[in-house]
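Residue numbers (the working numbering): -19 to 411.
Each remark here refers to the structure printed beneath this line.
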Amino acid sequence: MNTTISSPAAIDTSAALRLITCGSVDDGKSTLIGRLLVDSKAVLQDHLAGVQRQGQTDLALLTDGLSAEREQGITIDVAYRYFNTETRKFIIGDAPGHEQYTRNMVTAASSADAAVVLVDASKLQWQDAGLKLLPQTRRHSLLLKLLRVPSVVFAINKLDAVADSRLAFEHISAALQAFAAEAQIPVTATVPVSALMGWNVVDAAAEANWCGYSGPTLLQILEDLPVTPADTDLPFAFAVQWVEKFASSADTAKGRRTFWGRVATGMVQPGQQVRVMPNGQTATVAQVLSHVRNPQAVMAGHSAGIVLDRELDVSRGDWLLAQDDGLQASRDIQATVAWMDDETLVPGRVYWALHGHRWVKAKIKRIVHRLDIHTLAEEDATQLEPNAIGHIELTLQEPLVTLPFAQSRALGSLVLVDTASHKTSGALLVN
């Protein structure tokens, strides 16, 4: 079985690829990252010596840095590692597989360009052509789709531990493809690996055509994946993160305040007409500074300092938007939610909602449905349990300008935070 990926000639691989590993508990995510680091020569010898256990190298310890993770042998928080090959730089995150730590996985996936979903062949009834995938494999895959992670790679792991690796790969691949097609998850590739033995991760398996697979290794697939494209074709939007109040006249127009942040969509250049939300005042962009204070136009995805032609009441959390974008602010929002709080979500509850850098109160108006991760059916619901995915309606204390998440990650996403405990409760994706 071969795999198909986009043509490398059409992909810019100069930018670092942000990717995460996810999947169910003990599928080998930390071990896989350790294998990538070791076999790509990204680990120093003294660091490698520090993860020796009874004469054997425990690859998982290269990413499991918390003492609780080392004691329990599980991944709790997302750990990021940096490495590079001759052709690509990578920022890789090890997301936890436990259901109670789904919130950590969502946090990592929200900024990822790609995801490797590990599937442990030894946990499945691989002899059965109609086998069922583990719930957390399905949940993580669905979350990747909801969070618009552009590239999803299924890596079927531990095939060295089954009696018939070729049959196991065939049946598990078919189950993954059927699930992805039903859930409309775009899959870049499906590849067999053994993270423990190092087969098909960085180097090809010792046995030619192992598992009936003759495609590229996992690392070769990752080297050819694209980064998430910036939303440059949308109207200009900019969330103010910091106001530089005492800028010198040497680098800003007439010493006016500079508003710093990241361009969310479109581009900004001098002469543009903008409006400030939520107060609705308008102004003209007098000067634009890059992150190193060079005067120049700045595209979406990059940091900028913006100076307006007149003094307006602008502070952290406000949005600068293209004056003629046609977008309207609204207090009523319909959204898909990945619920991550330990407490059940019920109508009537009030939370803080974070949009860009702006905080507003949000009241849960109605729960429309819950997604059954096993059947993918939308079921009527009056509440959402921890780690559930559903569709809700909410009312905001102040109007916000949003776009569907399918159009813009920045304008279409909000985070719900508990007003008392300040814990992250849910990830909202505007419909």
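Every residue gets a Cβ at the ideal spot worked out from N, C-alpha and C, and that includes glycine.
8 angstroms Cβ cutoff met for residue i and residue j
i	j	result
S4	L104	no
A165	K112	The sequence shown places Ile at residue 165, rather than the Ala named in the question. No, Cβ-Cβ distance for I165 and K112 is not below 8 angstroms.
Q269	T245	Checking the sequence shown, residue 269 turns out to be Leu, not Gln. Their beta carbons are not under 8 angstroms apart, which means L269 does not touch T245 by this criterion.
P379	S310	yes
V272	V243	no
V171	G195	yes
V129	T168	no
L199	T65	yes
L374	K343	yes
F70	L(-3)	yes
L17	F63	yes
R296	H337	yes
V99	D6	no
A109	A158	no
Q253	Q303	yes
A186	S131	no
Paired residues, beta bridge with residue i - DSSP
i	result
C2	V97
A284	G241
S393	L409
M279	M247
G370	V317, R350
L376	A342
I72	L(-1), R61
H335	R338
R255	T262, L301
L269	P275, G285
D19	Looking at the DSSP assignment, D19 forms no beta bridge with any residue, so it has no partner.
L325	L364
W222	W240
W179	S174, D183
A217	T245, L301
T355	BP columns for T355 are empty, so no partner.
D398	Y331
Other residues of its chain near residue i: CB distance less than 6 angstroms, five sequence neighbours each side excluded
i	result
A75	I0, C2, V58, M85, A88
T(-16)	Note that T(-16) scores 41 on pLDDT, short of 50, meaning its location in the model is unreliable and no value can be drawn from it.
S145	L139, C191
G73	I0, V58, Y60, A88
W339	W332
W319	L325, L364, A368, G406
V96	T1, V133, A135
Q377	V340, K341
K225	R237
D305	P215
G285	T238, W240, L269
A160	V167
S90	L127
Same chain, Cβ closer than 7 angstroms to residue i, five either side skipped, listed in chain order
i	result
R350	E359, A361, L364, A368, G370
L356	E162, A163
R257	Before going further, note that residue 257 is Met rather than Arg in the sequence given. D298, W299, L301, A309, V381, listed in sequence order.
A210	M279, A280, G281
D183	D19, T197
R83	M320, T404
P327	I344, K345, R346, I347
A148	A101, W106, L139, V142
T399	V330, Y331, W332
N259	D293
R290	A263
R334	One point to set straight first is that residue 334 is Leu, not Arg, in the sequence displayed. Excluding positions up to five away in sequence, the list reads L394, V395, V397.
Cβ distance (whole Å) where residue i is taken to contact residue j below 8 angstroms
i	j	result
N137	A101	7 angstroms
T197	V220	Incorrect: roughly 45 angstroms between the Cβ atoms, too far for contact.
Q276	V265	The pair is not a contact, with the Cβ atoms about 12 angstroms apart (cut-off 8 angstroms).
W179	D140	7 angstroms
L292	Q261	5 angstroms
W332	V397	4 angstroms
P384	D322	At roughly 29 angstroms, the Cβ-Cβ gap does not stay under 8 angstroms, so P384 and D322 are not in contact.
F218	G241	6 angstroms
T208	M247	Wrong, their Cβ atoms sit about 17 angstroms apart, outside the cutoff.
Residues near residue i by beta carbon distance below 8 angstroms, same chain, minus five either side
i	result
V294	V220, V223, R237, F239, V256, L288, L300
V317	L325, L364, I369, G370, H371, I372, L396, G406, A407, L408, L409
G392	T382, L383, P384, F385, A386, L409, V410
M177	D140
I353	P115, R118, R119, L122, I369
L24	In this predicted model, L24 has a pLDDT of only 47, less than 50, meaning its place in the structure is not dependable enough to derive any value.
field: Completely contained beta strand (DSSP E) runs for the segment 136 to 173, where each covers 3 or more residues
entry: 169 to 172
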